[in-house]
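Undergrad:
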């Protein structure tokens, strides 16, 4: 299944019996992000879609606004010898110049991102783009951690890149999202250990799904994808999450101009407060045909899709 999973030997216990077997685990590895050669943050993530993760994370942190704000992303071991022959969809050989070119081309969405297996990546920002004062986390960010240093809604609203344009949610679309998200999570199906994030249009069209051991990383990956595709601000998008709706996830939607968040589990109190203040529709506890609307409005029944 690729870099997102790994096999392990274990002892399975069933009642009074136990036996040796193998199982599949979700991979969790550190990704150190450097900007201009200086450490910016280290996050624990599931390898894969690392370019999208970096774009989404830097966007959520207010470092970049558009994909052109990133001039390059290079592995810090890019001079390591690589096998000759095609790489991903690019058909590039493995000398340092071609390796660098592959990374540069992949930033724009070219290639299948299969080479994003390096754990230290250096970001070069475009001329005129700088890291805001106080941004970045020099310590280790766990796979569960979002913007832990942000303590007030006012600060997040001031930091927002876009003005959210509120939308009304179609209840029929909302209740359809968890199953559609789950059906596009192969790593979760194999391991039961990853979160999923998906971007859908207001009418329910699936655009992108990504998985990660960290729910915040999964959200950053789909937001990074949208940034690379030129879809931000996401005025007609819904961010769907397989997790609870935390304050940090609503903040990421706000930074991306996404007007709706739908979560399989509950919302936290601060997430609901931020959604109210930002004009974001927030739905959670989606179970079958039921869900809770914590903030925002619904389409009238007569206008909802059937």
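Residue numbers (my numbering): 686 to 991. Cβ coordinates follow ideal geometry from the N, Cα and C atoms, glycine included. Nothing here was measured: the structure is a model prediction, and the numbers come from that model.
Between the Cα of residue 981 and the Cα atoms of 873, 851, 871, 723, which residue gives the shortest distance?
TA: Checking every option, the nearest Cα to that of residue 981 belongs to 851.
Undergrad: Since residue 739 contacts residue 899 with CB under 8 Å, what's their CB separation in whole angstroms?
TA: Going by Cβ atoms, the distance from residue 739 to residue 899 rounds to 14 Å, so no, they are not a contact pair.
Undergrad: Looking at the unbroken beta strand (DSSP E) that takes in residue 905, where does it start and where does it end?
TA: Taken as a continuous stretch (DSSP letters only), residue 905 belongs to no beta strand (DSSP E), being part of the alpha helix (DSSP H) at 900-913.
Undergrad: According to DSSP, simplified to helix, strand and coil, what is residue 731?
TA: Note: residue 731 maps to coil in three-state DSSP.
Undergrad: For residue 793, which residues from the same chain have a beta carbon less than 6 Å from its beta carbon, with the 5 sequence-adjacent residues on both sides left out?
TA: Confidence at residue 793 is low in this model, with a pLDDT of 36, below 50, so the placement of that residue should be treated as unreliable; the coordinate-derived value is given next. Nothing listed; no residue qualifies.
Undergrad: Using DSSP with H/G/I as helix, E/B as strand and the rest coil, what is residue 916?
TA: Residue state, collapsed to three classes: coil.
Undergrad: Would you call the region 714-734 and the region 882-893 in contact, with 3 or more CB pairs under 8 Å?
TA: Segments in contact, no.
Undergrad: Give the C-beta separation of residue 906 and residue 711 to the nearest angstrom, bearing in mind that I take them to be a contact with Cβ-Cβ under 8 Å.
TA: Not a contact, Cβ separation roughly 14 Å.
Undergrad: What residue from 842, 880, 691, 855 has the CA that sits closest to residue 975's CA?
TA: Selected option, being the one with the closest Cα: 855.
Undergrad: Should residue 760 be labelled buried (16 or more other beta-carbon atoms within 10 Å of its own) or exposed?
TA: So residue 760 ends up on the buried side.
Undergrad: What distance in whole Å lies between the Cβ atoms of residue 873 and residue 925, which are believed to be in contact at a cut-off of 8 Å?
TA: Contact flag wrong, Cβ pair sits at about 14 Å.
Undergrad: Go through its chain and collect everything with a Cβ distance to residue 934's Cβ below 8 Å, but skip five positions before and after it.
TA: Result list for residue 934: 831, 900, 901, 904, 924, 926, 928, 946, 948, 956, in chain order.
Undergrad: Compare the C-alpha of residue 865 against each of 753, 881, 938, 704 and name the closest.
TA: Answer by Cα proximity: 881.
Undergrad: Straight-line CA distance for residue 849 to residue 814?
TA: In a straight line, the C-alpha of residue 849 is about 24 Å away from that of residue 814.
Undergrad: What residue does the beta strand (DSSP E) around residue 863 start on, and which one ends it?
TA: Unbroken run through residue 863 is the alpha helix (DSSP H), 856-867; no beta strand (DSSP E).
Undergrad: What did DSSP end up calling residue 939 once you bin it into helix, strand or coil?
TA: In this structure, residue 939 counts as helix in the three-state DSSP scheme.
Undergrad: Could you spell out where the beta strand (DSSP E) holding residue 874 opens and where it closes?
TA: Residue 874 -> not in any beta strand (DSSP E); alpha helix (DSSP H) instead, spanning 871-876.
Undergrad: Taking 8 Å as the threshold (C-beta atoms), are residue 811 and residue 748 in contact?
TA: Not closer than 8 Å, so no.
Undergrad: Return the residue from the list 966, 977, 713 that minimises the CA-CA distance to residue 803.
TA: Measuring from the Cα of residue 803, the nearest candidate turns out to be 713.
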